[in-house]
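Trainee:
Residue numbers (my numbering), protein chains in the order written: chain V, 4 to 147; chain Y, 4 to 147; chain S, 4 to 147; chain W, 4 to 147.
Structure, rendered in structure tokens:
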């Protein structure tokens, strides 16, 4: 769980911030953003992050090995969310992305994604260009 | 089918225009906006239209009786679409909404929706306040 | 609009019938199947229909030119829907699919889809093998 | 991460198993079940689990505080997945659900969800009837 003073709760700490408009189809029966559909905001921001990180080269293939989403506050429609994204760890054959979801200046939630490099059917070590491009995108702290 | 010179192909002819960001999850395997997910853009703009039309009163309940979507050009991600919405016909117990979807100044498609007023389990005549509020929102031509 | 006695209202009249389980995410705030998400059932059944029709050859590329959905009754969750699919017209460079959605023996709605053959960037005449494979799948009447 | 011999990898260890058909809209551009859409299967099975657990009483309101999904293997379309669901922990004002996703006898992934009881705007202790009904549904081990 994230601690109260964590820099992860402020959008300014993320190297990349993307805006996404909420849709009526994102709402649940209680009039709030649905917990699963929130996953689409994070997914969209990760895809955008890759587009920038791997611009000009063939996009390397990663698969999501683990996804953890924390819910901190409720979002609404209509409106716009900001999704902050950064790299929180680069390992041998995988890396971690750390994301924060914001609306009206409040943090609605956090997301951690472990991505494994799998150019073929199995995982493989991240080669130097991928590593360099990920590092260039900027980092953010993992939650403790 | 819409004719080439139709005013429906220009966003300026719609009384209300709403912006929606596209998401990676809207894409199909060919790298274009998926035909069914495009329905979510129109749905979102209709819901927004109702919010404005019925502001300050309990939202009257309508059900969608018929939905027709025409596809004219392919959209992409990332990007923002504009959805134009207007009333094309007000009948006894139903009305029609006419919509256009735009990206980078091109019309990607059109949508016609027949909505039936159903305050209880069955349809009922539109009462005067609903009719007045719909008319106030502004009209657009139906496709021939 | 479909007439009361239409054969389109009976699942037995469709050459192919596919079962799809409804999901909680298909529901709207009123506790019924959402009108736009119903489009996913029809889409799934069309994709399944193509898989069978074009088995063993490279799947020809079609794009959806027009989609019309009629809503006749409300569906629910949990449950299973049956989607009936057939060919209602084969033209020069396009064909039409006619579909019906059923739950607990009732017809929830109908869908008509115009698909245009587009092997490259523009439409092209349906060649003989595609035409033969579509005909072999079986036909259903269009709504009047 | 789950260990190889874990009982979580066998559907027989879950007290409730639900079948869901995959849809073409669940697929990503690589021809596999998309990682985020897999979340809809788990969500559907949780909702079904609540329906059974709280049958005959007003459904208590919970919010999702944390969701963790592990991906172990790739799924496909067309096909049917089995989602196993059980309770892995009951705390003071929250409980945890443990789920497994299966296809063709293989475990595709695992999901852990922390749900907080929130009858009003804030969390509250689980009262005895909720606790008893959750216990009656059956338990499954958490991953280590």
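Where is the CB? At the ideal position from N, CA and C, for every residue including glycine.
Starting from residue 111 of chain Y, find everything on chain V with Cβ-Cβ shorter than 9 Å and list it in chain order.
Mentor: What residue 111 of chain Y touches in chain V: nothing, since even the nearest Cβ is about 17 Å away.
Trainee: Answer with yes or no whether the minimum CB distance from residue 47 of chain S to chain W is below 8 Å.
Mentor: yes
Trainee: Can you give me the Cβ contacts of residue 64 of chain S inside the same chain, cut-off strictly under 7 Å, excluding the 5 residues immediately before and after it?
Mentor: 121, 122
Trainee: Who are the near neighbours of residue 89 of chain W in its chain, counting only those whose CB is closer than 6 Å to its CB and skipping five residues on each side?
Mentor: 17, 18, 101, 141, 142, 143
Trainee: Who are the near neighbours of residue 35 of chain V in its chain, counting only those whose CB is closer than 6 Å to its CB and skipping five residues on each side?
Mentor: 77
Trainee: Between which two residues does the alpha helix (DSSP H) carrying residue 100 of chain V extend?
Mentor: It is not in any alpha helix (DSSP H) - residue 100 of chain V instead sits in the beta strand (DSSP E) that spans 97-106.
Trainee: Please return the same chain residues whose Cβ sits closer than 7 Å to the Cβ of residue 62 of chain Y, not counting the five positions on each side in sequence.
Mentor: 53
Trainee: With 16 other CB atoms within 10 Å as the buried threshold, where does residue 139 of chain Y fall?
Mentor: exposed
Trainee: Taking only beta carbons into account, state which residues of the stretch 25-37 of chain S come closer than 9 Å to chain V, listed in chain order.
Mentor: 28, 30, 31, 32, 33, 34, 37
Trainee: For a contact defined as C-beta to C-beta under 8 Å, what are the partners of residue 23 of chain V on chain A?
Mentor: Reference to chain A is not applicable here, since the protein chains of this structure are V, Y, S and W.
Trainee: So which residues on chain W does residue 72 of chain Y lean against when the C-beta distance must stay under 8 Å?
Mentor: Chain W residues near residue 72 of chain Y: none, gap ~16 Å exceeds 8 Å.
Trainee: Return yes when the Cβ of residue 114 of chain V is within less than 8 Å of the Cβ of residue 45 of chain V, no when it is not.
Mentor: yes
Trainee: With DSSP as the reference, label residue 22 of chain V as helix, strand or coil.
Mentor: strand
Trainee: Terminal residues of the continuous beta strand (DSSP E) containing residue 68 of chain V?
Mentor: 65-74
Trainee: What separation, rounded to the nearest whole angstrom, lies between the Cα atoms of residue 13 of chain V and residue 110 of chain V?
Mentor: 7 Å
Trainee: Suppose the cutoff is 6 Å on Cβ atoms and the five residues either side in sequence are ignored; what does the same chain contact list for residue 28 of chain W look like?
Mentor: none
Trainee: Closest Cβ-Cβ distance between residue 93 of chain S and chain V: below 8 Å?
Mentor: no
Trainee: Residue 10 of chain S: which of S:134, S:119, S:91, S:133 sits nearest, CA to CA?
Mentor: S:91
Trainee: Report yes if the CB atom of residue 51 of chain W is closer than 8 Å to the CB atom of residue 26 of chain W, and no otherwise.
Mentor: Their beta carbons are not under 8 Å apart, which means residue 51 of chain W does not touch residue 26 of chain W by this criterion.
Trainee: Whose C-beta lies closer than 7 Å to the C-beta of residue 57 of chain W among residues of the same chain, with five residues either side of it excluded?
Mentor: 63, 136
Trainee: Got a sec, what are the start and stop residues for the alpha helix (DSSP H) residue 54 of chain V sits in?
Mentor: 41-56
Trainee: Does residue 115 of chain V come out as helix, strand or coil in the three-state DSSP assignment?
Mentor: strand
Trainee: Using 8 Å for Cβ pairs, my map puts residue 72 of chain S next to residue 70 of chain Y. What's the rounded Cβ distance?
Mentor: With a Cβ gap of about 5 Å, residue 72 of chain S and residue 70 of chain Y count as contacting.
Trainee: Can you name the residues that DSSP bridges to residue 90 of chain W?
Mentor: W:100, W:142
Trainee: According to DSSP, is residue 136 of chain Y part of a helix, a strand, or is it coil?
Mentor: Helix at residue 136 of chain Y.
Trainee: Looking only at its chain, what residues have a beta carbon closer than 7 Å to the beta carbon of residue 96 of chain Y, apart from the 5 residues adjacent to it on each side?
Mentor: 119, 120, 126, 127, 128, 129, listed in sequence order.
Trainee: According to the neighbour-count rule (16 or more other Cβ atoms, all chains shown, within 10 Å of its Cβ), is residue 85 of chain Y buried or exposed?
Mentor: buried
Trainee: Using only CA atoms, which one of Y:66, Y:31, Y:75, Y:60 lies nearest to residue 39 of chain S?
Mentor: Y:66
Trainee: Would you grab the beta carbon distance between residue 24 of chain S and residue 83 of chain S for me? Rounded to a whole angstrom, and I think it's under 8 Å.
Mentor: 5 Å
Trainee: Identify the residues that DSSP records as bridge partners of residue 109 of chain S: which are they?
Mentor: S:106
Trainee: Tell me, to the nearest whole angstrom, how far the beta carbon of residue 117 of chain Y is from that of residue 68 of chain Y; I am working on the premise that it is less than 8 Å.
Mentor: About 5 Å separates the beta carbon of residue 117 of chain Y from that of residue 68 of chain Y, a gap short enough to meet the 8 Å contact definition.
Trainee: Hey, would you say residue 42 of chain Y sits closer than 8 Å to residue 75 of chain Y, going by beta carbons?
Mentor: No; because the gap between Cβ atoms is not below 8 Å, this pair is not in contact.
Trainee: If contact means a Cβ-Cβ distance below 9 Å, which residues of the stretch 63-89 of chain V contact chain Y?
Mentor: 80, 81, 83
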